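Protein sequence lines, in the order shown, are assigned to chains D and H. With this note's numbering, letter number 108 in the first sequence gets 108, and the count goes up by one each step, no holes. Count along the second sequence starting at 1, add 236, and that's the number in this note's numbering. No residue lacks a Cβ here, since even glycine has one placed at the ideal position from N, Cα and C. Please read these numbers as outputs of a predicted model, since none were measured by experiment. One structure below.
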Amino acid sequence: MNTDRSTAQEVPAPQDTPGPQDVRGPLGQDDIAALVARDIPHGSFVNLGIGRPTSVADHLPAGSGVVLHTENGMLNMGPAARGDAVDPDLTNAGKIPVTELPGSAYFHHADSFAMMRGGHLDVCVLGAFQVSAAGDLANWHTGAPDAIPAVGGAMDLAIGAKKVFVMMTLFTRTGAPKLVPRCTYPLTGQGCADRVYTDHAVFDVTPEGVVVRETFGTSVDELAGRLDLPLLPLGG
Amino acid sequence: MTTQLCADADEAVAGIEDGSTVLVGGFGMAGMPVALIDALIRQGAKDLTVVSNNAGNGDTGLAALLAEGRVRKVICSFPRQRDSYVFDGLYRADRIELEVVPQGSLAERMRAAGAGIGAFYCPTGAGTLLAEGKETRVIDGRPHVLEYPIRGDVALIGAHRADRMGNLVYRKTARNFGPVMATAATTVVAQVREIVETGAIDPETVVTPSIYVDRVVQEGTA
Numbered sequence: 001m002n003t004d005r006s007t008a009q010e011v012p013a014p015q016d017t018p019g020p021q022d023v024r025g026p027l028g029q030d031d032i033a034a035l036v037a038r039d040i041p042h043g044s045f046v047n048l049g050i051g052r053p054t055s056v057a058d059h060l061p062a063g064s065g066v067v068l069h070t071e072n073g074m075l076n077m078g079p080a081a082r083g084d085a086v087d088p089d090l091t092n093a094g095k096i097p098v099t100e101l102p103g104s105a106y107f108h109h110a111d112s113f114a115m116m117r118g119g120h121l122d123v124c125v126l127g128a129f130q131v132s133a134a135g136d137l138a139n140w141h142t143g144a145p146d147a148i149p150a151v152g153g154a155m156d157l158a159i160g161a162k163k164v165f166v167m168m169t170l171f172t173r174t175g176a177p178k179l180v181p182r183c184t185y186p187l188t189g190q191g192c193a194d195r196v197y198t199d200h201a202v203f204d205v206t207p208e209g210v211v212v213r214e215t216f217g218t219s220v221d222e223l224a225g226r227l228d229l230p231l232l233p234l235g236g
Numbered sequence: 237m238t239t240q241l242c243a244d245a246d247e248a249v250a251g252i253e254d255g256s257t258v259l260v261g262g263f264g265m266a267g268m269p270v271a272l273i274d275a276l277i278r279q280g281a282k283d284l285t286v287v288s289n290n291a292g293n294g295d296t297g298l299a300a301l302l303a304e305g306r307v308r309k310v311i312c313s314f315p316r317q318r319d320s321y322v323f324d325g326l327y328r329a330d331r332i333e334l335e336v337v338p339q340g341s342l343a344e345r346m347r348a349a350g351a352g353i354g355a356f357y358c359p360t361g362a363g364t365l366l367a368e369g370k371e372t373r374v375i376d377g378r379p380h381v382l383e384y385p386i387r388g389d390v391a392l393i394g395a396h397r398a399d400r401m402g403n404l405v406y407r408k409t410a411r412n413f414g415p416v417m418a419t420a421a422t423t424v425v426a427q428v429r430e431i432v433e434t435g436a437i438d439p440e441t442v443v444t445p446s447i448y449v450d451r452v453v454q455e456g457t458a
């Protein structure tokens, strides 16, 4: 398994997926989750953030070998529990009842976060308000005066996992870009995002700049006109 | 000191003083020592600082203690939840103080307290609002934030089973903060579902050894 986060941009483009402008965009949330699932290497230890990232699990193929970590102290977490399988002692980080799979393990909170901080997780998937060209991530706080700040495990995950995948819409409801030169929302972590999956395109954050890996119903030029930062074509 | 087996939850929380820092186990309701919190409400200690991952759910447990106006400050990672209306109301009315700590740093700061560590440098939160006012240092090319231990006067935790010596085992993800908090407070009180004879827990499976546990009470004896 590739464990060097600096080489994220060197991963070849997926072979079996449509290239630029082959698909009409923008993609739905489910399609974005499927793209993320497609790119998680076989056998990875993965943490899926609360909210949309949790749905990536639904798109992992049987036999993916992926072991899901949940911050509240479990590895090899199974799907959501239903009916008689609901157990108040067994929940995910979103406090949703879940199940265990053969080979599950439980551990306390300090161990769970040592797994993150210690670089033992291969991939984490997080949502975002904004990602900057330098890979700064803002996903915990709008900074609004009346907002109650709540960070949970986001900051630990952002700086801990070997690769940080972000999934988000590329624009806000009012059309403002969420991939930005500099984040205006309070940061979750500095320079931590490796790849950004959006409804319009997939981006890699590299030392050279933001690389467009794939587009959906748009083009690099068209995106460059809507985003306030330079974009590099894949392999360019 | 030998672990005290308490007759009920009221005995288990006796003596908690006004102004205490109370570590409260649980992640959401999993592992939340509800019987002990209910007893603490009856016991009457006020002006408390509560350290817990969340700031209460619904109207029971921690939320009920907050609603009684007995908590001066909450130190937690994630106060805002779908059903955290009790905390939200107090916070917006400026009737409670909040310190937000990244979840891993919250756990590690308590672990440090329990392990006799004076402070530690941690990369989490570097360059963010939560590192403001804290010493930072670049180690191995990465910025780290100096974090100090969080020590409790009391820890209230939920476990699954105890033996009569006070050795504890937990169940599934209800373990969460329990083992860490058990090391980090002067007086550690565990609420358990059953108490078994000493020797009935396989020593290989003990998660919290009895040395950390001061008082044990069985649920349902509130």
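Chain D within 8 Å of residue i, Cβ atoms only
i              : result
R347 (chain H) : yes
P315 (chain H) : yes
D295 (chain H) : no
R397 (chain H) : no
A436 (chain H) : no
Y384 (chain H) : no
A355 (chain H) : no
Proximity test, residue i beta-carbon vs the ligand PLP heavy atom, cut-off 7 Å
i              : result
L234 (chain D) : As far as ligands go, the structure on display features none, and thus does not contain the ligand PLP.
Exposure of residue i, with buried meaning 16 or more beta-carbon neighbours within 10 Å
i              : result
A349 (chain H) : buried
R383 (chain H) : The sequence shown places Glu at residue 383 (chain H), not Arg. Buried is the call here.
C186 (chain D) : Sequence check: residue 186 (chain D) is Pro here, not Cys. By the 10 Å Cβ count, P186 (chain D) comes out buried.
T54 (chain D)  : buried
M237 (chain H) : exposed
P315 (chain H) : buried
P61 (chain D)  : exposed
E433 (chain H) : exposed
H69 (chain D)  : buried
G361 (chain H) : buried
R173 (chain D) : exposed
D254 (chain H) : exposed
K162 (chain D) : buried
G402 (chain H) : buried
A158 (chain D) : buried
H120 (chain D) : exposed
Candidates the options, of which the one nearest residue i by Cα
i              : options                        : result
E304 (chain H) : H:G361, H:L284, H:A421         : H:L284
R411 (chain H) : D:H109, D:G235, D:M167         : D:H109
G160 (chain D) : D:G118, D:V196, D:D30, D:G51   : D:G118
A245 (chain H) : H:E333, H:E371, H:D274         : H:D274
M116 (chain D) : H:G340, H:G363, H:I353         : H:G340
W140 (chain D) : H:G369, H:P415, H:V336, H:R407 : H:V336
R131 (chain D) : D:G209, D:F216, D:R38          : Here residue 131 (chain D) is Val; the residue named in the question, Arg, does not match the sequence. Among D:G209, D:F216, D:R38, the Cα nearest to that of V131 (chain D) is on D:G209.
G143 (chain D) : H:I386, H:L365, H:R373         : H:L365
P230 (chain D) : D:A154, D:Y197, D:A134         : D:A134
T169 (chain D) : D:D58, D:T188, D:F216, D:L157  : D:F216
Y327 (chain H) : H:P338, H:K309, H:S313         : H:K309
G191 (chain D) : H:A281, H:H396, H:G363         : H:G363
G292 (chain H) : H:I431, H:I311, H:M417, H:R278 : H:I311
8 Å Cβ cutoff, residue i in contact with chain H
i              : result
D156 (chain D) : yes
Y185 (chain D) : no
Y106 (chain D) : yes
K163 (chain D) : no
A134 (chain D) : no
E71 (chain D)  : yes
I32 (chain D)  : no
L101 (chain D) : no
Q21 (chain D)  : Annotation note: pLDDT 43 at Q21 (chain D) (below 50); position unreliable, coordinate value reported separately. Closer than 8 Å: no.
I148 (chain D) : yes
Q130 (chain D) : no
V151 (chain D) : yes
R117 (chain D) : yes
A110 (chain D) : yes
P207 (chain D) : no
Contact with chain A by residue i, beta-carbon distance below 8 Å
i             : result
N76 (chain D) : Note that chain A does not occur in the displayed structure, where the protein chains are D and H.
At least 3 beta-carbon pairs within less than 8 Å: the region 123-132 of chain D vs the region 40-49 of chain D: The region 123-132 of chain D is in contact with the region 40-49 of chain D.
Counting Cβ pairs, one atom from each stretch, are 3 or more of them under 8 Å apart for the region 70-81 of chain D and the region 92-100 of chain D? Judged by pairs of C-beta atoms under 8 Å, the region 70-81 of chain D touches the region 92-100 of chain D, as three or more such pairs exist.
Of the residues that make up the region 260-279 of chain H, which ones have a beta carbon closer than 7 Å to any beta carbon in chain D? If the cut-off is 7 Å between Cβ atoms, the region 260-279 of chain H has F263, G264, M265, A266 near chain D.
Spell out a yes or no on whether the region 137-149 of chain D and the region 66-74 of chain D are touching, meaning 3 or more CB-CB pairs, one atom from each, closer than 8 Å. Touching, no.
Could you list the residues in the region 357-377 of chain H with a C-beta less than 9 Å from some C-beta on chain D, going in chain order? Listed by position, the residues of the region 357-377 of chain H near chain D (Cβ gap below 9 Å) are C358, P359, T360, G361, A362, G363, T364, L365, L366.
Please identify, using Cβ separations under 8 Å, the residues of the region 42-53 of chain D that lie next to chain H, in order along the chain. So nothing in the stretch comes that close.
Residues of the region 388-415 of chain H in Cβ contact with chain D at a cutoff of 9 Å, in chain order, please. Going along the region 388-415 of chain H in chain order, one finds H396, Y406, R407, K408, T409, A410, R411, N412, F413, G414, P415 with a Cβ nearer than 9 Å to chain D.
Any contact between the region 279-293 of chain H and the region 250-269 of chain H? By contact I mean 3 or more CB pairs, one from each, below 8 Å. Contact between the region 279-293 of chain H and the region 250-269 of chain H is present, because at least three Cβ pairs lie under 8 Å.
Taking beta-carbon pairs under 7 Å, can you tell me which members of the region 300-325 of chain H lie near chain D? Here the close residues are S313, F314, P315, R316, D324.
Three or more beta-carbon pairs under 8 Å between the region 402-409 of chain H and the region 384-391 of chain H, yes or no? Between the region 402-409 of chain H and the region 384-391 of chain H, the count of Cβ pairs shorter than 8 Å is below three; the stretches do not touch.
Count the C-beta pairs between the region 415-429 of chain H and the region 248-260 of chain H that are closer than 8 Å, then say yes if the count reaches three, no if not. Yes, since at least three Cβ pairs between the region 415-429 of chain H and the region 248-260 of chain H fall closer than 8 Å, the two stretches touch.
Contact set between the region 418-431 of chain H and chain D, restricted to residues whose Cβ is under 8 Å from the partner: In summary, no residue of the region 418-431 of chain H has a CB separated from any CB of chain D by less than 8 Å.
Taking beta-carbon pairs under 9 Å, can you tell me which members of the region 326-343 of chain H lie near chain D? Cβ proximity to chain D below 9 Å picks out Y327, R328, L334, V336, V337, P338, Q339, G340, S341, L342, A343 from the region 326-343 of chain H.
Using a Cβ distance threshold of 8 Å, determine whether the region 290-299 of chain H contacts the region 342-357 of chain H, with at least three qualifying pairs required. In short, these stretches do not touch, since the Cβ pair count stays below three.
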